[in-house]
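A short worksheet on the structure shown next.
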Amino acid sequence: MVDNDFGLEFQHQNQPIAPKRTTNFSQLATIADASITGDLSGQDLSSQDLSGRDLSGFNFKNTDLSGADLSEANISLANLGGANLSLAYMRETNLINANLCEAELISTELLSAELCSADLKGANLSGANLRNASLSCANLSHSNLSHAELSGADISGANLKKAYLRGADFSCANLISANLSYAYLSVSNFKAAYLISANLSGAYLRATDLKNADLRGANLMDANLSNADLRGANLKSTNFRRTKVEQALFGKNLGLSEKIKFDLIQRGAIFEDMGNPTVAYNVV
2 MVDNDFGLEF
12 QHQNQPIAPK
22 RTTNFSQLAT
32 IADASITGDL
42 SGQDLSSQDL
52 SGRDLSGFNF
62 KNTDLSGADL
72 SEANISLANL
82 GGANLSLAYM
92 RETNLINANL
102 CEAELISTEL
112 LSAELCSADL
122 KGANLSGANL
132 RNASLSCANL
142 SHSNLSHAEL
152 SGADISGANL
162 KKAYLRGADF
172 SCANLISANL
182 SYAYLSVSNF
192 KAAYLISANL
202 SGAYLRATDL
212 KNADLRGANL
222 MDANLSNADL
232 RGANLKSTNF
242 RRTKVEQALF
252 GKNLGLSEKI
262 KFDLIQRGAI
272 FEDMGNPTVA
282 YNVV
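In terms of this note's numbering, the sequence shown opens at residue 2 and continues consecutively.
So this is what it looks like as structure tokens:
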């Protein structure tokens with residue numbers, strides 16, 4: 002498996018500090034009318050200041066909200082399917098149970114946003130800042146989170162099946178019981194992440210950093226961990242059945258019996274704390 006098998010890699014972009022606010026009176030009139038109907042579908046609201054507004058349950062389907070300021074707004078239960086939210090400023094925005102299927106959120110600022118149980122299937126969040134965001138039980142299957150910032154985020158119980166997560170930062174994130182099966186996670190950062198009981202079966206984790214991660218009870222069956230770094234990871238009851246571990250680096254791991262260590266070494270794993278002179282200690 003190679004990177005090109007998963008499509009064109011999105012380039013990481015800088016996060017916006019704050020959007021440029023505009024005063025477009027036709028847009029403001031549209032918003033005023035929508036306060037009665039709740040329907041803003043297909044409208045051009047790019048760069049508008051909607052911060053702090055209660056837009057719960059509104060229809061934003063296919064709406065252009067690129068560069069808009071939606072910080073601290075309540076958009077829970079809203080329909081944002083197919084909407085363009087790229088470069089929008091959504092710090093601490095309430096998006097609980099919102100529909101964001103196929104939405105564009107490229108380089109969107111979502112620091113500490115609430116996205117619990119939101120539907121983000123097929124959404125493009127490449128380069129987005131989701132640090133400390135709440136994504137528990139969210140649907141992120143088939144989404145693009147390449148180079149996204151998710152450190153400290155709560156992603157417990159979320160569905161990331163077949164998501165494209167190359168180069169994403171999940172350090173210290175809570176991914177307990179998350180579904181990452183068949184996800185593409187090459188060169189991602191999972192340092193000190195909580196992956197207890199996570200489903201990583203069939204996932205592509207080549208050269209992924211899993212140092213000090215908690216993988217107790219995680220399912221890595223048929224996953225590709227070649228060249229990954231698992232030093233210091235807690236691997237108690239972790240499922241390594243048919244896992245590819247060529248040149249994967251282990252060391253000071255809790256939960257691994259000598260029998261399992263020997264089996265992993267036979268499959269090409271490297272244990273730096275075993276002093277095996279027959280094993281090459283290079284990692285790509």
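Note that the Cβ used here is the ideal one computed from N, Cα and C, for glycine as well.
Nearest neighbour of M91 by Cα position, chosen from G158, S144 and L116, turns out to be L116. The straight-line gap separating the alpha-carbon atoms of I76 and I261 is approximately 49 Å. Within its own chain, the residues whose Cβ lies closer than 7 Å to the Cβ of S142, once the five positions on either side in sequence are excluded, are K122, N160, L161, K162, K163 and A164, listed in chain order. Going by C-alpha positions, K212 is about 45 Å away from D45.
Contact annotation, L111 with A84: C-beta distance approximately 14 Å; criterion of less than 8 Å not satisfied. Non-local C-beta neighbours of A139 in its own chain, meaning closer than 7 Å and more than five positions away in sequence, comprise L116, C117, S118, A119, L121 and A159, ordered along the chain.
Boundaries for Q49: no alpha helix (DSSP H) harbours it, and the DSSP string shows neither H nor E there. S147 and L181 have their C-alpha atoms some 14 Å from each other. DSSP, read as helix, strand or coil, puts L211 in coil. In this model, F59 and S189 are separated by some 35 Å (Cα to Cα).
According to DSSP, L255 shares a beta bridge with N235.
A residue is called buried once 16 or more other Cβ atoms fall within 10 Å of its Cβ, and E259, having fewer, is exposed. Sequence-distant partners of D223 (beyond 5 residues in either direction) whose C-beta falls short of 6 Å from its own C-beta, in its chain, are S202, G203 and R243.
Closest by C-alpha distance to R132, out of D170, A179, K62 and E73, is D170.
The shortest CA-to-CA distance from S42 to any of L81, L151 and N145 is the one to L81. Around A69, the same chain offers P20, L46, S47, S48, Q49, D50, L51, L86, A89 and Y90 as residues with beta carbons nearer than 8 Å, after the five sequence neighbours per side are excluded. Taking C-alpha positions only, A184 is separated from E247 by approximately 19 Å.
In this structure, the alpha-carbon of T109 lies about 39 Å from that of G256.
Around the beta carbon of T38, fewer than 16 other beta carbons sit within 10 angstroms, so the residue counts as exposed.
S157 sits close to L176, with the two beta carbons spaced by under 9 Å. Distance from the Cα of L106 is smallest, within the candidate group S144, G53, L136 and E93, for S144.
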